[in-house]
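Below you'll find the structure, written out as structure tokens, and then a few comments.
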Ligand SMILES: Cc1ncc(C[n+]2csc(CCOP(=O)(O)OP(=O)(O)O)c2C)c(N)n1
Ligand SMILES: Cc1ncc(C[n+]2csc(CCOP(=O)(O)OP(=O)(O)O)c2C)c(N)n1
Ligand SMILES: [Mg+2]
Ligand SMILES: [Mg+2]
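Here is the structure:
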């Protein structure tokens, strides 16, 4: 078998679920005839027909709400946001309708809202955002941020099968840059389980999405200096895998929290709070955060590069922490 | 002079700014003829006329956007959300339009978006939310959560004078329950400054909004046991007062982070991250969080009481931490 | 029809004028006094498999689908036996078993939700439709627009029923919209927009029925605007002093229940005996329900932690 | 008019067909090829104090307000000398000095923003108006509805100009709305909705002018729908293979620049000399601007940390 890219993996995952479960359908802007702005749904119209691959007007809130209505009636809609940035327009329906139905009156809302997030492609302030925290702070939702093609496929399948609303952030920088050989057989990656991407003994780097690769590159670089990073890919942010994180911290005793989203109110805060509460005695140094700064995502290449956490940032902070 | 309630203090603050600055105007649902659902704007229509106190259709996004447009042209709009919960409908305009204009092209957006937040009045899932974190995670905004009448007035005045967009969360539980004597003269409370509500030596309780009073009540109770709490009222969450918080932690060496918003992704995470990074060596115990659990706000009184952090929770955790 | 209108009236009166004032119901209370003909007329002929997307003045829909007055009162009183088990209050309730879709406070949000409900029927070739209620005020919301547009473009079998009670809280129609009728907006979505006397239950029933048949036959969504009046304040705490007295007087004379009684009497369909019997039955039912619900248990405090996610 | 249409065309062609392909412009590039008459006609007679709320195919508005081709190119190339100093890209720019209000990507968001701009004029008794551009696709957004409703209820002096280029990305009109014209929706807000040939710059100019005078005179907002066609893909990476070739051919014959040239020639307003001179000037201007902008500096990386808040 050949290599499958991250974007193909998602496409395959959706296709497989559509093939085996006729409740699954896809809706969004330009998903049918065009196959999606990033071609995630390419070929699906031809394969499944216009009742299962639906082009909609430009109405993010309406798209999500339509998905919710259909989901309550037993369907399994997969709604695309053309860019994850535009999920802001559907914020109310996601956080107030979808997230709270089950709690309030027991109505399950098995929707998936998916879309490309993240920077590194010079998209500027409205085509590069990482909006995950807005949803991580909303009980009733699940939030997923895959980094590898294997996980992207396994997680989208798990998300579609999940009985609750799942917000699925694809990292557009990875769409065509990440590829690997995937198993032929059906598999899922359960929501809420982290993966140790690299075992190490000195410092735990806890991260997700495109930053996983920055952490791994830094680990490679630091290896030569004898600094041994453990890299944990959270994969799911809500729920997230406390066990794997805390075990790692208890082993290495030093922590770097790394994400591409902006700093204040980012996921690193949640991690820091849990670690500082539940693994306090195991900490041999301050918890260090490496994140984007608190600004919109700038467009111009030199600024965007400065904005995004780089391998060199991880290397520098790891050295400091190692010397602590 | 008599006592001024929290709600009156906000009204006075807005009125004073309207009197001295003709660029200031108020808009929102039922703010004019009715004087606002909570009567914050009562009497303003009569005093300032219909060009400065404007009833709008039910269009939270439209209200905020209208305010933004007018603000860019030099006005100082104060937009009311009838309940802070409905700010979800204006999320996109706030986080993408208002927050990013200055950064992108230097256009200041001096709006205030204000509304009643918080629980304790049996409002259920849609009339009790604490949505502050959605905005704290958005660079370009400022976020304010006053606890006292003095601060409510001083902060709303500062917010109106501020050149940037300010999201102003009033706690509806405090509207008529909190009162105090206010200075006659004009004053503001600067954004971004915390206040030590009670100096203490054993444990720092860092909190804001209605929870300030829970912390103070707990402090009173614990005093008898010889546990001396320091209670810090953040007042502003974005920007927030790192200096006061870190000084307090360096003094007491133990920390409780307390808020009414739900736990995961709440402000306590941000505080924990900064403390665990910048005051790590000063910590003599785990950082403890006391927050609402990760659920929507339940309606039924016994459940809502259980949901909201109580004085007894602070007392219990403080004792545990004291014994640590 | 008369029975459900009366039962709704009595139950809501009890809630607003008694239990709320006694402090037995906390938080906001919204009733549909004077607007009962809209919900009853619209739901009249629906199949039990048709979904109803209620709004905040549609209690009748619950009663007509067989939710008991006791369950409704328990809901309002925050008891475990309410449809939301105390998790939510008042009209914020629903039941998939009864094809009743709970609304959320954010007005207008149900409009695209109903499109999705309808879409699910169309995609599966089912003959069901959904009726979705909204107020004049909700028609200013963006989601209202997105929902109607979505329903029309995707040809969803939905009937949108507007309760135009002339006010949104304190705000009269002319400060909400620059058109005379909410139904004037239906043409923006290429759908029919009927206008009927919302205090005439038969007129509502007939108009909605036509729209339902149209939707069921694959003709897509429609709108029916029912002109009525909110004979109360916005909610139980509001004395509505901003409403000119004459308006209340004008509409009081057009009370939908009195009107139905009169016309049934005229048609010989209603004897004084039958009426007295019905009145008595309604009061007794509500009396009993209050008694029962008031003795229903509150949820356990820790119950608030459950049910956020699927629990198997 | 002809000059600005030509300058826009040349500048956009250079951006889309040359600089983008050379990799000198990164990210998305949207141009208004074939739709130049809309922006030019609409902005023609505006006062410099009138605000313009642009959308993503309105480069002409910048040129007409005196923003230089070099500044625009620098913007597209992420240079420090662009209107956003590299913070944002392509058409995501604005300048309060020129009363040009930058749009954000979220389509439709500018509609209520324009209401606010207009409201600020009305409240202060100023005679200014604002013109706000949007596409057919944007009219499906909730904010579009809220904004038009707000503008009409609050009687804001705004002229909403629709660039109906028949497609939203790959999605043709009939999959976006169940009505024939975007202007059919104006009546839902009690405002006039004119429809004009968007490739006829004079027609656009006259219709918008009428609406501007109306707004300036206190008559409130209006809508003008300009029928045109997107003579490109949605953005520079899109080959538009979903658009039937015949449509391109049909509209190519109606090119707004050619049409204006022809009619000016017919009227004797344009000699071949003058035309050649203008063509030469436009090319030279753009050549020079490319040269200059390409030598403009990039912002310093750390500049990205500045300007989030007021800095005094
Ligand atoms: C998005 C949103 N904004 C504000 C409110 C507060 N609110 C509740 S009901 C109401 C008035 C509703 O008017 P209408 O839709 O006409 O229904 P009515 O109450 O008149 O039946 C308002 C403003 C809300 N529930 N949702
Ligand atoms: C809220 C939102 N959703 C999706 C997009 C992605 N998008 C950018 S332009 C476009 C098509 C716009 O169509 P239209 O409004 O007709 O303008 P046109 O591009 O045809 O000029 C889409 C879907 C967006 N920018 N904003
Ligand atoms: Mg109403
Ligand atoms: Mg278009």
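Protein chains in written order, with my numbering: chain W, 10 to 333; chain A, 10 to 333; chain H, 699 to 1010; chain P, 699 to 1010.
Even for Gly, the Cβ is constructed at its ideal location relative to N, Cα and C.
Worksheet item: Who are the near neighbours of residue 761 of chain P in its chain, counting only those whose CB is closer than 8 Å to its CB and skipping five residues on each side?
Response: Same-chain partners within the cutoff: 702, 705, 706, 709, 767 and 770.
Worksheet item: Of all the CB atoms in chain A, is at least one closer than 8 Å to the CB of residue 217 of chain W?
Response: By this cut-off, residue 217 of chain W is not an interface position.
Discussion item. Taking the straight line between their C-alpha atoms, what separation do you get for residue 750 of chain P and residue 779 of chain P?
Written reply: So the alpha carbons of these two residues sit roughly 22 Å apart.
Worksheet item: At a Cβ cut of 7 Å, what residues of the segment 794-818 of chain H count as close to chain P, listed as they run along the chain?
Response: Shown here is that no member of the segment 794-818 of chain H has a Cβ falling below 7 Å from a Cβ of chain P.
Fill in: Test: residue 781 of chain H CB closer than 8 Å to a CB of chain W
Taking a beta-carbon distance threshold of 8 Å, residue 781 of chain H counts as an interface residue toward chain W.
Practice prompt. Would you check if there are 3 or more beta carbon pairs closer than 8 Å linking the segment 150-157 of chain A to the segment 814-826 of chain P?
Written response: Contact between the segment 150-157 of chain A and the segment 814-826 of chain P is absent, because fewer than three Cβ pairs lie under 8 Å.
Worksheet entry | Nearest neighbour of residue 775 of chain P, chosen from P/742, P/724 and P/802 [CA to CA] | For the residues P/742, P/724 and P/802, the minimum Cα distance to residue 775 of chain P belongs to P/724.
Fill in: Cut-off 7 Å between Cβ atoms - residues of its own chain near residue 79 of chain W, not counting five sequence neighbours on either side
Only 86 meet the Cβ criterion.
Discussion item. Quick check: is the beta carbon of residue 869 of chain H nearer than 8 Å to any beta carbon in chain A?
Written reply: At a cut-off of 8 Å between C-beta atoms, residue 869 of chain H counts as an interface residue with respect to chain A.
Worksheet item: Among W/142, W/171 and W/45, which one has its Cα closest to the Cα of residue 26 of chain W?
Response: For residue 26 of chain W, the nearest C-alpha among the options comes from W/171.
Worksheet item: Which residues, taken in chain order from the segment 978-1009 of chain H, show a beta carbon closer than 9 Å to some beta carbon of chain A?
Response: Flagged, chain order: 996, 997, 998, 999, 1000, 1001, 1002, 1003, 1004, 1005 and 1006.
Discussion item. With a threshold of 7 Å (Cβ to nearest heavy atom), would residue 863 of chain P be considered close to ligand 4?
Written reply: Residue 863 of chain P: yes, Cβ under 7 Å from ligand 4.
Worksheet item: Pairing CB atoms from the segment 730-744 of chain H with CB atoms from the segment 307-326 of chain A, are three or more of them under 8 Å?
Response: No, the segment 730-744 of chain H does not touch the segment 307-326 of chain A.
Practice prompt. Sort out for me which residues DSSP pairs residue 63 of chain W with in a bridge.
Written response: In the DSSP output, where bridge partners are listed per residue, residue 63 of chain W has W/36.
Discussion item. If we define contact as Cβ-Cβ less than 8 Å, is residue 281 of chain A a contact residue for chain W?
Written reply: Interface with chain W (8 Å Cβ-Cβ cutoff): residue 281 of chain A is included.
Worksheet item: Among W/161, W/48, W/24 and W/90, which residue has its Cα nearest to the Cα of residue 58 of chain W?
Response: The option with the nearest alpha carbon to residue 58 of chain W is W/24.
Item to complete: Tell me whether residue 327 of chain W is buried or exposed, calling it buried when 16 or more other Cβ atoms sit within 10 Å of its Cβ.
Response: Classification for residue 327 of chain W: buried.
Worksheet item: Just how far apart, CA to CA, sit residue 833 of chain P and residue 736 of chain H?
Response: Put simply, the backbone Cα of residue 833 of chain P is about 38 Å away from that of residue 736 of chain H.
Discussion item. Rounded to the nearest angstrom, what separates residue 129 of chain W and residue 224 of chain W at their Cα positions?
Written reply: As the crow flies, the alpha-carbon of residue 129 of chain W is around 16 Å from that of residue 224 of chain W.
Worksheet item: What residues in the segment 950-980 of chain H have a beta carbon less than 9 Å from any beta carbon of chain W?
Response: From the segment 950-980 of chain H, no residue has a Cβ closer than 9 Å to chain W.
Worksheet entry | Neighbouring residues, chain H, relative to residue 923 of chain P (Cβ below 9 Å) | Within chain H, no C-beta atom comes less than 9 Å from the C-beta of residue 923 of chain P; the nearest is roughly 13 Å away.
Discussion item. Buried or exposed for residue 280 of chain A, going by 16 or more other Cβ atoms inside 10 Å?
Written reply: Under this definition residue 280 of chain A is a buried residue.
Worksheet item: When you check each C-beta in the segment 709-737 of chain P against every C-beta of chain W, which residues fall closer than 8 Å?
Response: Under the 8 Å Cβ criterion, the segment 709-737 of chain P contributes 724, 725 and 726.
Worksheet item: Roughly how many angstroms separate the alpha carbons of residue 868 of chain P and residue 831 of chain P, rounded to a whole number?
Response: Whole-angstrom Cα-Cα distance: 20 Å.
Worksheet item: Between residue 156 of chain W and the rest of its own chain, which residues show a CB-CB distance below 6 Å, the 5 nearest in sequence each way excluded?
Response: Excluding residues up to 5 positions away in sequence, 218, 221 and 242 lie with their Cβ nearer than 6 Å to the Cβ of residue 156 of chain W in the same chain.
Worksheet item: Should residue 306 of chain W and residue 265 of chain W be called a contact, given that it needs their Cβ atoms to be closer than 8 Å?
Response: No, Cβ-Cβ distance for residue 306 of chain W and residue 265 of chain W is not below 8 Å.
Worksheet item: Taking 7 Å as the cut-off, does the CB of residue 98 of chain A come closer than this to any heavy atom belonging to ligand 1?
Response: Annotation for residue 98 of chain A indicates a beta carbon within 7 Å of some heavy atom of ligand 1.
Practice prompt. Return yes when the Cβ of residue 125 of chain A is within less than 8 Å of the Cβ of residue 179 of chain A, no when it is not.
Written response: It is a contact, given that the beta carbons lie within the stated cut-off.
Item to complete: Specify, as a first and last residue, the run of the alpha helix (DSSP H) that residue 15 of chain A falls within.
Response: Per DSSP, residue 15 of chain A belongs to the alpha helix (DSSP H) from 15-29.
Practice prompt. Identify every run of the alpha helix (DSSP H) within the segment 143-217 of chain A, keeping only runs that are complete inside it and at least 4 residues long; order them along the chain.
Written response: Those alpha helix (DSSP H) runs which fall completely within the segment 143-217 of chain A and span 4+ residues are 158-170.
Worksheet item: Which residues does DSSP pair with residue 301 of chain W in a beta bridge?
Response: DSSP, once it has assigned bridges, lists W/271 as partnering residue 301 of chain W.
Item to complete: Could you work out which residues of chain H lie near residue 101 of chain W, taking near to mean beta carbons separated by less than 8 Å?
Response: Here the neighbours are 804, 807 and 841.
Worksheet item: Who are residue 892 of chain H's beta bridge partners in DSSP?
Response: Answer by DSSP bridge pairing, in chain order: H/922.
Practice prompt. Could you round the C-beta distance between residue 924 of chain P and residue 896 of chain P to whole angstroms and report it? I think they count as a contact, below 8 Å.
Written response: At roughly 3 Å, the Cβ-Cβ gap stays under 8 Å, so residue 924 of chain P and residue 896 of chain P are in contact.
Practice prompt. Would you kindly report the start and end of the unbroken beta strand (DSSP E) that includes residue 241 of chain A?
Written response: For residue 241 of chain A, the enclosing beta strand (DSSP E) starts and ends at 238-242.
Fill in: Distance cut-off 7 Å: residue 866 of chain P Cβ against heavy atoms of ligand 4
It does: the Cβ of residue 866 of chain P is within 7 Å (strictly closer) of some heavy atom of ligand 4.
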